[in-house]
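Comments concern the structure below.
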Amino acid sequence: MTPRTFRGFNGKAVLYPDRVEIKRALSARIFGAKSIVIPFPQLVKVLSEPPTRWVNGWVYLATETDPAHLRYWADPPRTKIGSNPQAIVYTWWQRDIQADFIAAVNEVWQEPSQSPTGAPSEDSQQGS
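Each residue of the sequence shown is one higher than the one before, counting from 7 in our numbering.
See the structure below:
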């Protein structure tokens, strides 16, 4: 698989077979946002909010090292999304890119070779 790039408002996400790299735009780095590499074995959940015409949307890649990640990100404070290194923001005009990014991450993350890391494989879902 060749790397795929998904440009957002505050940077770009580059999807590899084993990881996601979030590279920040200069404007985001000036305000303190950092670039990050998230290996798929650490990914536990992909959370997102679609953009509207008035409010930006976001994708947050929750990892097993996040402190209280499930409780905190169930209802995240919107002011913290833009500066979080594991989140990328999308505008209304980038909503299709956001949807493509979420689908691509879920597709790669849930491949059988990645399933022992927390993502269920298709085989394990068939029995439920």
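Backbone N, C-alpha and C define an ideal beta-carbon position, used for all residues, glycine too.
DSSP-derived helix/strand/coil call for residue i
| i | result |
| --- | --- |
| residue 65 | strand |
| residue 57 | coil |
| residue 126 | A caution first: residue 126 carries a pLDDT of 47, below 50, which makes its placement in the model too unreliable to give a value. |
| residue 74 | With a pLDDT of 48 at residue 74, under the threshold of 50, the modelled position of this residue cannot be trusted, and the question is left open. |
Unbroken alpha helix (DSSP H) run spanning residue i, endpoints
| i | result |
| --- | --- |
| residue 107 | 101 to 115 |
Boundaries of the beta strand (DSSP E) in which residue i is found, first to last residue
| i | result |
| --- | --- |
| residue 19 | 17 to 21 |
| residue 11 | 10 to 13 |
Cross-strand partners of residue i (DSSP beta bridge)
| i | result |
| --- | --- |
| residue 27 | 20, 43 |
| residue 50 | Looking at the DSSP assignment, residue 50 forms no beta bridge with any residue, so it has no partner. |
| residue 94 | 65 |
Within 8 angstroms, strictly: CB atoms of residue i and residue j
| i | j | result |
| --- | --- | --- |
| residue 48 | residue 27 | no |
| residue 29 | residue 18 | yes |
| residue 34 | residue 16 | yes |
| residue 46 | residue 25 | yes |
| residue 109 | residue 10 | no |
Member of the options whose CA lies at the smallest distance from the CA of residue i
| i | options | result |
| --- | --- | --- |
| residue 116 | 51, 35, 33, 18 | 51 |
| residue 95 | 57, 43, 24 | 57 |
| residue 20 | 43, 34, 38, 100 | 43 |
| residue 90 | 10, 64, 11 | 64 |
| residue 66 | 60, 36, 53 | 53 |
| residue 55 | 101, 111, 110, 113 | 101 |
| residue 14 | 7, 59, 93 | 93 |
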